[in-house]
Amino acid sequence: MARSIILNSGSRGFEAHSRNWREFRLCYPVISRRSEGLSLGVNLNPDRVCNFDCIYCEVDRRDFRPGKSKLPLPPKNLPRPQVSLEEIRLELQELLRLTRSGEIWQEPEFINVAPELRRLNDIAFSGDGEPTTYPLFDQAVKAAIEARAAAGFEPSEVKLVLITNATQLHRPVVKVGLRLLAANNGEIWGKLDAGTAEYYDLIDRTNVPYEKVLNNLQQTALAQPINIQTCFMRIHGEGPSKAEIEAYCGRLNHIRNQGGQINMVQVYTVARRPPYEWVTSLPDRDLEDIANLIRVNTGLGVETFGGNVGI
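Structure follows, in structure tokens:
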């Protein structure tokens, strides 16, 4: 049975999603609606550089400058933050210790979190850009596995999650990381925000061809099960058309018909305010209508996660 998570109160903690916490540089705790509890994020892109420029992304890149392509560039002469594998290990170990002891729930950001969300669900590779663009991605996965073990958690207690736009899943170093995830209670949440190339260009604004994303999702799903994550929203007051949703269902069916394994589809909407006022949340009823279309047309399980930006 698919679940529906409705965002209706800031006290639940979903609206606070900062990647900066205390003196930590690369790891951060958040209450995640899709994790239904505490998620410990690993930010492999502290420079905020991403190969997507999604219209719904809340990462602040207002200081970036126009590039020659579709993507903005970071400010000139600004030092680029570096990622240290040892720093990932140490920060994760400390966050895991705070969680194990219960001290995390006494922190100001989490003291009012609802009781049912006071559970550690995962360590997630997410952050301010696409995590799989990090050159040592496989070693970052290994560092998270080591930190989990050093903190005394069994793999079954805390899963690993990769939240990815799927553009780099073909790279050998990423494939090694994916195999590590598969062997250590890990999940892949692959982004697919559109059923057509035109809608993909509107939403994700990238130089990476739509066919590359589709092929990477297909090839990865042949090797190991994946979840599909999709953000639908209103753009200038209009949600995606029925034809767009039907095309999207066709993409999911193609992956499965070719032998790909899809565990679940996560359909969500905007929950944190993006930089554009004309990008707003889909109402819950519209999100559920889309989820039902996907269920009927694909037979897949669908979870929905609501929002209330601009509603």
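The sequence shown: position 123 = 122 (numbering that gives the first Met the number 0), numbered continuously.
The beta-carbon is built from N, C-alpha and C at its ideal position, and this holds for glycine as well.
List the DSSP bridge partners of residue 158.
Looking at the DSSP assignment, residue 158 forms a beta bridge with 121.
Start and end of the beta strand (DSSP E) containing residue 266?
Taken as a continuous stretch (DSSP letters only), the beta strand (DSSP E) holding residue 266 covers 261–267.
Scan the stretch 222–303 and note each continuous beta strand (DSSP E) run of 3 residues or more that stays entirely inside, going in chain order.
As far as the stretch 222–303 is concerned, its whole beta strand (DSSP E) runs of at least 3 residues are 225–230, 261–267.
Assuming residue 264 and residue 305 make a contact with CB atoms under 8 Å, what is their CB distance in whole Å?
That belief does not hold up - the Cβ atoms of residue 264 and residue 305 are roughly 15 Å apart, past 8 Å.
Taking only three categories from DSSP, how would you classify residue 15?
Note that residue 15 scores 47 on pLDDT, short of 50, meaning its location in the model is unreliable and no value can be drawn from it.
Which same chain residues, not among the five before or five after residue 309, have their C-beta less than 7 Å away from its C-beta?
Correct list, in chain order: 279, 280.
Take the Cβ of residue 269 as the centre, count every other Cβ of all protein chains shown within 10 Å, and call the residue buried at 16 or more, exposed below.
Answer is buried; the Cβ neighbour count reaches 16.
Given a cut-off of 8 Å on the beta-carbon distance, is the pair residue 99 and residue 145 in contact?
No, the Cβ-Cβ distance between residue 99 and residue 145 is not below 8 Å.
Assign residue 27 to one of three DSSP states: helix, strand, or coil.
Looking at residue 27 - three-state DSSP - the assignment turns out to be strand.
I need the DSSP call for residue 38, collapsed to helix, strand or coil.
Reduced to three states, the DSSP call for residue 38 is strand.
If contact is defined by three or more beta carbon pairs under 8 Å, each pair taking one atom from either stretch, is the stretch 141–160 in contact with the stretch 77–92?
Segments in contact, yes.
Are the beta-carbon atoms belonging to residue 61 and residue 274 less than 8 Å from one another?
Yes, Cβ-Cβ distance for residue 61 and residue 274 is below 8 Å.
Provide the residue span of the alpha helix (DSSP H) that contains residue 144, from first to last.
Run containing residue 144: 136–149, per the alpha helix (DSSP H) assignment.
Quick check for students: name the residue ranges of the beta strand (DSSP E) that lie wholly in the stretch 35–92, counting only runs of 3 or more.
Fully enclosed beta strand (DSSP E) runs of 3 or longer: 36–42.
Who pairs with residue 186 in a beta bridge, going by DSSP?
160, per the DSSP bridge assignment.
What are the boundary residues of the alpha helix (DSSP H) that includes residue 197?
196–203 is the span of the alpha helix (DSSP H), which, as asked, contains residue 197.
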